[in-house]
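This note's numbering puts the first residue of the sequence shown at 1031, with every later residue one more than the last.
Don't be surprised by glycine CBs; every beta carbon is placed ideally from N, CA and C.
Working notes for the structure below.
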Amino acid sequence: MTKVDAYALWCTSAGESQIRHTPLSVGEGEELVEVIASDVSPLDRQVAEGRFPPGPPFPVIPGTTGVVRDVNGLLYFAFVEIRGGGLFTPGIHRTKASISRDLMFAIPEEVDPIDVAAGFTGIITALAVIDHLIKIKSGQSILILGANGAVGAAAVQVALERGAHVIAVARNEISIPSVDYVSYDQMPEKVMGLTGGKGVDGIIDGLGGEISNKALMSGGADCKHVLLGFSAGVQMPLIAPRFLGNEHQLIGYNLLRRPLSLIQELMSQSMDFMIRGKVLPHIAQKVDFASAPDAFKTAAAQSGRTVLMIEGYEHD
C-alpha cells in the first residue's frame, strides 16, 4: 500500500511531545484529507499528560476533532473521536489524515471554519447532555459549572432555548439576559436561594474536585448531575447522605460512547446554532503547528480555546 508523506504530533511521555515524520496509509473505505486546524481540547491535554486512564500508552498522536479539506477543496468538521481517534486510535493532530466520510460534516460558507474547529464539539456535547441525558424541560432549573468554557457557554445557550432557568457558575462574572450568575464560593447557598430552596433539576459539571461537592449540595430531588471532566481536581469529596435523601444521580459522561446516528443528528443541530450566531467560541490563541508542543503546555492557562493552525506546515 502506497503511503502519503505527512507529519504528526506525537506525545512521547507525560507532558512531552514532538512533531515527527509520519507517513500515512489511506484506510479501506476512508478518504485522504488535509487537516486545516484542530482544537487542543481538555481531553487531548489529559491524554497528553497521562491523566486519562482509558487512553493508550505512549507514544500517541492526540486530537479528537478537526477541520479538514477533501480532494475537491471542500471543508468539513471531522469527528474522529467517535472511532477512538486520539484515545484508542491515532488522532488528528497531523498534517494529513485518513477519515471515513460518515465522520465528516460539511461546513457552510457563511461559518468560519476556525470557529468550528474551536467550538463545534462543545455545542455537540451540550446538546447531547441537555436534550438526551438530563432532558431538561421548560421551567426547570439547570446549574452549569464552568459556564465561560466551550461546553459551558454552549450549554447556557442551549438551556435558554429550551426555556430552562439557567444558573451559570464561573470564575469571572457572566452577564447574559435571563441567566443568574453565581460564583464558586457562593454555592450552594445562593443556588438554593435562586430556586426557592428546591435545588436544581440538572447539573453540567466539567470541573470535578471540591467544586463538584458544592454542586451536589445544590441539587434538588432526582437531580441529574452529569460529570464531563475533572479540570478542578480528580479527587471528589462527596457527601453520601445527599445521594440518598434526594436520590441525586451522579452520571459520568463520555461523548465517545454515543451512537454515530445521534452524533450526526447533533452535528446538524450544532451547525444551526453556529449559523445563527448563538454560540461562537472564545479563541485565546491560534498556534502554528510547528509550535504545537508548546501549545499543549500553555493551553490550560488560557481563558479560551487553543487552536492548532496546521494548514501549510513545512518541516524544517
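Nearest-angstrom Cα separation, counted from residue j out to residue i
i: I1160; j: P1271; result: 26 Å
i: R1201; j: G1176; result: 8 Å
i: F1107; j: A1147; result: 7 Å
i: L1039; j: I1122; result: 9 Å
i: L1105; j: M1304; result: 15 Å
i: T1225; j: L1285; result: 29 Å
i: G1238; j: G1232; result: 15 Å
i: R1131; j: F1260; result: 32 Å
i: V1309; j: V1065; result: 23 Å
i: H1278; j: Q1048; result: 44 Å
i: Q1076; j: L1257; result: 15 Å
i: T1052; j: D1035; result: 7 Å
i: I1206; j: G1193; result: 14 Å
i: R1287; j: G1275; result: 30 Å
Endpoints, the beta strand (DSSP E) within which residue i is located
i: V1230; result: V1230 to D1235
i: G1249; result: G1249 to L1257
i: A1108; result: L1105 to A1108
Extent of the continuous alpha helix (DSSP H) run through residue i
i: A1322; result: A1322 to T1328
i: Q1265; result: Note, Q1265: premise wrong, no alpha helix (DSSP H); not H, not E.
Assigned secondary structure, residue i (DSSP; H/G/I helix, E/B strand, else coil)
i: K1220; result: helix
i: F1135; result: strand
i: E1191; result: helix
i: E1140; result: coil
i: G1149; result: helix
i: D1318; result: strand
i: D1210; result: strand
i: Q1048; result: strand
i: T1155; result: helix
Residue i classed as buried or exposed, judged by whether at least 16 other C-beta atoms fall within 10 angstroms
i: E1111; result: buried
i: R1335; result: buried
i: I1293; result: buried
i: S1213; result: exposed
i: T1151; result: buried
i: P1138; result: exposed
i: E1195; result: Looking at the sequence shown, residue 1195 is not Glu but His. H1195 is buried by the Cβ-count criterion.
i: R1269; result: The amino acid at residue 1269 is misidentified as Arg; the sequence shows Ile. So I1269 ends up on the exposed side.
DSSP bridge partner residues for residue i (one or two, in chain order)
i: K1126; result: E1064
i: S1298; result: Answer by DSSP bridge pairing: none, since S1298 is not bridged.
i: R1335; result: I1313
i: R1099; result: E1064 and L1105
Contact with chain B by residue i, beta-carbon distance below 8 Å
i: P1138; result: Judged by its chain identifiers, the structure shown contains no chain B, having just a single protein chain.
Cβ-heavy atom distance, residue i to the ligand ZN, below 7 Å
i: G1114; result: The model depicted lacks the ligand ZN and carries no ligand whatsoever.
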